[in-house]
Each structure stands twice: as structure tokens, then as C-alpha cells.
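All residue numbers for the sequence shown refer to numbering that gives the first Met the number 0, where the first residue is 0 and numbers rise by one.
From the three backbone atoms N, C-alpha and C, an ideal C-beta is built for every residue, glycine too.
Report on the structure given below.
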Amino acid sequence: MKVLVTGVAGFIGAALALRLLSEGKSVVGIDNLNDYYDPSLKEARLARLTGHSGFEFRKLDIADRDGMAALFRDNRFDAVMHLAAQAGVRYSLENPYAYVDANLVGFANVLEGARHSGVRHLVFASSSSIYGANTRLPFTERDNVDHPVSLYAATKKANELMAHSYAHLFGLPCTALRFFTVYGPWGRPDMALFKFTAGILAGRPIPVFNRGEMIRDLTYVDDIVEGVARVIDILPAPDPAWRGDAPDPATSYAPYRVYNIGNNQPVKLMRYIQVLEECLGKKAVLDLLPMQAGDVPATYADTSALEAAVGFRPATPIETGIARFVEWYRGYYRTT
0 MKVLVTGVAG FIGAALALRL LSEGKSVVGI DNLNDYYDPS LKEARLARLT
50 GHSGFEFRKL DIADRDGMAA LFRDNRFDAV MHLAAQAGVR YSLENPYAYV
100 DANLVGFANV LEGARHSGVR HLVFASSSSI YGANTRLPFT ERDNVDHPVS
150 LYAATKKANE LMAHSYAHLF GLPCTALRFF TVYGPWGRPD MALFKFTAGI
200 LAGRPIPVFN RGEMIRDLTY VDDIVEGVAR VIDILPAPDP AWRGDAPDPA
250 TSYAPYRVYN IGNNQPVKLM RYIQVLEECL GKKAVLDLLP MQAGDVPATY
300 ADTSALEAAV GFRPATPIET GIARFVEWYR GYYRTT
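Below, the structure is given as C-alpha cells:
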């Protein structure tokens with residue numbers, strides 16, 4: 000099986016590529032290695048893949064229409080795992096065009112490539128941020144997601160709509176995976192766990208938004224990878240029970256499906272910080288701040304649909320996941 004992984008030098012992309020290679024699949028990985036955060040971390044992730052039998056890397060921006068067309072013309076992928084995107088809620092307030100280029104133009108190029116080259120299954124990363132102003136917990140795939148509170152979230156909803164249109168028009172099987180706050184070794188420096196760890200070790204105050212009154216469904220990266228790997232092998236089929244007069248957002252008359260991937264065990268932000276303090280052996284200095292624009296107070300995933308489809312639900316507790324992250328962080332940055 001030949002799989003294209005976009006964003007292969009990213010946090011989830013590199014971990015997924017290692018998993019697919021271990022299963023004997025061949026992987027072509029692409030990434031533009033941009034400087035949204037330290038490119039040396041991306042290069043270090045990529046170095047873990049280089050040399051593996053069955054792995055090929057191409058430096059390529061998904062917004063490059065001609066380059067993407069050539070990639071799909073030169074290869075016949077059985078599946079595409081699309082992870083490349085401009086990430087980050089707060090950065091979308093500062094640089095919206097980065098999200099238009101990567102998340103909208105780039106995704107259109109992926110769809111067109113998959114359509115014209117006969118890809119059997121397109122799986123792509125959506126986000127828990129898509130639930131936006133919805134406050135009914137836990138979030139289910141059947142909830143309305145028409146009220147995003149950030150441009151990042153809006154682009155992820157747009158991706159789901161674009162994919163559905165291709166499933167409808169061209170019969171392209173598409174599965175959207177809504178990831179819930181992924182963390183773990185080799186993570187992203189722009190995310191809270193990374194920032195908190197660096198701040199605590201340096202003795203700097205760490206920013207705690209909404210004065211700590213936040214709840215997050217924190218999902219360990221290995222659980223994300225397990226879910227994704229299983230979903231790749233399960234092609235979505237049209238739902239014969241789907242009705243246009245009572246439309247279910249999670250399924251379709253077309254080969255299209257949406258799944259949450261979350262830990263299904265929401266954690267209070269202050270507990271998150273407490274566990275990190277215990278793992279580091281050092282107390283945090285808290286800078287209690289108001290809620291940030293584009294953020295939401297709580298996320299909580301209903302993962303019953305994923306479990307029914309692939310027989311798996313994430314379950315790594317934060318005590319285990321944070322300890323593994325701290326061990327990696329100390330080793331990678333050679334801190335004490």
C-alpha cells in the first residue's frame with residue numbers, strides 16, 4: 000500500500016509516517032519546512048524517517064498547484080493522509096492569508112490530485128475548533144458547526160465542505176478526523192504544553208488564559224496515530240439511512256464520514272499544569288489572563304462513532320502522556 004502523508008515533518012505527520020512504515024506500507028511524505036516554528040525541530044523529526052525502507056521525502060508546498068499536480072501525476076497513491084495545514088488559532092488573527100493559502104488553496108490542490116489520480120481514500124485532519132460557539136458537551140459529529148470563532152476553525156469547516164462536494168461529485172471517498180488538542184513527544188512549540196514546560200524550567204511566568212477556567216480534551220499523539228492508522232483502512236460508504244429532510248452532518252448519501260478523535264476525558268487546565276509541575280519537579284509562576292480572542296472555554300469529544308467504526312478509543316491518561324513528553328523534552332533540549 001502506498002500512502003501520501005502531507006505535512007510529514009509535522010508533529011502528527013512524522014509519528015504517523017513511522018507507524019505506516021512499521022506496517023510495511025510505503026510512504027511518500029511532503030512538507031514545505033516553513034518557519035512558523037523552529038524548522039530544526041521539523042528537520043529532526045524528518046531525520047527519524049530518512050533511511051527507512053519505503054520512505055521518500057519531497058520538499059513541496061501544498062499551495063504549489065503545478066508541483067502538486069506533478070506529484071499526483073508521478074505516483075499512484077492508494078490513500079492520502081492530509082495533515083499539512085497552517086495551524087494555530089491565535090496566529091490566524093495575525094496572518095489570515097497564510098490560512099487561505101495553505102488550508103484552502105492547498106486543500107483544493109490535494110482534492111484535485113486525489114480526484115484525477117484515482118486515490119481510493121482521502122483522510123484529512125479537521126479540528127475540535129470547528130465546534131466554535133457550540134457549548135453542548137460532549138461534542139458529537141452530529142452537532143451543528145456553523146458558528147466558528149476563528150478563521151482557522153472556519154478553514155477547517157471549509158475543508159469538510161469541500162471534501163463532501165468531491166465525494167458527491169466524483170465518488171471520492173473522504174474521511175474527516177476532528178483532532179482534539181494533541182500533545183506528546185516531538186510536539187509543537189506553539190502549543191501550551193511546550194510553552195508551559197519552557198517557561199517553568201526558565202522560571203518565567205506562564206500565560207494562563209481565562210484565569211485557568213478552561214477544560215480541554217487532551218489527546219496523546221500515539222492515540223491519534225492509532226486512530227488514524229485504523230481509519231485509513233476503512234473506506235467510508237454511503238449511508239442508506241441518510242435523509243435530506245433530516246440531514247446528519249456526520250454521514251452522507253456520498254462516501255463521506257466525520258469522526259472525532261479525542262481522549263473523551265476532559266481535563267481542567269489547572270490540573271494539566273499541576274501534573275506538569277509534578278513531572279518537572281518545579282512549581283509554575285502563573286500569569287492569569289483573560290480569555291483570548293478565537294478561543295473556547297471547553298472541549299470534550301464524544302468518540303463513540305470512532306469506536307464503533309474501528310474498535311478503538313483513545314485512553315492515555317495525562318499523567319502518562321505528560322511524563323513521556325517531559326522525558327523527551329529534557330533529552331532533546333538537554334535540560335535538567
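Which ranges does the beta strand (DSSP E) cover as unbroken runs of at least 3 residues, wholly within the stretch 265–315, from first to last along the chain?
As far as the stretch 265–315 is concerned, its whole beta strand (DSSP E) runs of at least 3 residues are 284–287.
Which value, in whole angstroms, describes the spacing of the CA atoms of Lys-155 and Ser-125?
Roughly 5 Å between the two C-alpha positions.
Output the distance between the C-alpha atoms of Val-309 and Pro-235, rounded to the nearest integer angstrom.
So the alpha carbons of these two residues sit roughly 12 Å apart.
Can you look up Ala-166 in the DSSP assignment and give me helix, strand or coil?
Here Ala-166 sits in helix by DSSP.
Here's a check: name, in chain order, each residue in its chain whose Cβ is nearer than 6 Å to the Cβ of Val-79, leaving out the five neighbours to either side.
The residues are Leu-3, Ala-113, Val-118 and Leu-121.
Skipping 5 residues on each side, what residues in its chain have a beta carbon closer than 6 Å to that of Ala-69?
Taking Ala-69 as the centre and dropping the five residues before and after it, the same chain places no C-beta closer than 6 Å to its C-beta.
Can you tell me where the beta strand (DSSP E) with Phe-80 in it begins and where it stops?
It is Met, not Phe, that sits at residue 80 in the sequence shown. Unbroken beta strand (DSSP E) run through Met-80: 78–81.
Residues near Pro-254 by beta carbon distance below 8 Å, same chain, minus five either side
Result list for Pro-254: Ala-166, Gly-170, Leu-171, Pro-172, Cys-173, Leu-234, Pro-235, Ala-236 and Pro-237, in chain order.
Reduced DSSP category for Asn-94 - H, G, I as helix; E, B as strand; rest coil
Asn-94: coil per DSSP, three-state reduction.
Neighbourhood of Gly-53 by C-beta distance below 6 Å, restricted to the same chain and skipping five residues each side:
Excluding residues within five positions, the ones whose Cβ falls inside 6 Å are Leu-20 and Ser-25.
Per DSSP, Arg-177 forms a beta bridge with which residues?
BP columns for Arg-177 point to Ser-125 and Asn-259.
Where the alpha helix (DSSP H) containing Pro-38 begins and where it ends
38–48 is the extent of the alpha helix (DSSP H) around Pro-38.
Leaving aside the five residues before and after Val-104 along the sequence, list all residues of the same chain whose C-beta is less than 6 Å from its C-beta, in chain order.
Counting only Cβ-Cβ distances below 6 Å, and skipping sequence neighbours, we find Ala-62.
Measuring only the C-alpha atoms, how far is Met-340 from Phe-123?
The question about residue 340 has no answer here: the residues shown for the chain are numbered 0 through 335.
Rounded straight-line distance, which links the Cα of Phe-76 to that of Ile-272
Looking at the two C-alpha atoms, the distance is approximately 42 Å.
Less than 8 Å separating the beta-carbons of Ile-11 and Arg-57?
Not in contact: Ile-11 and Arg-57 (Cβ atoms no closer than 8 Å).
Should Thr-180 and Arg-215 be called a contact, given that it needs their Cβ atoms to be closer than 8 Å?
Contact: yes.
Neighbourhood of Pro-147 by C-beta, 7 Å cutoff - its chain only, sequence neighbours within 5 removed
Taken in chain order, the residues that qualify are Ile-129, Gly-131, Ala-153 and Lys-156.
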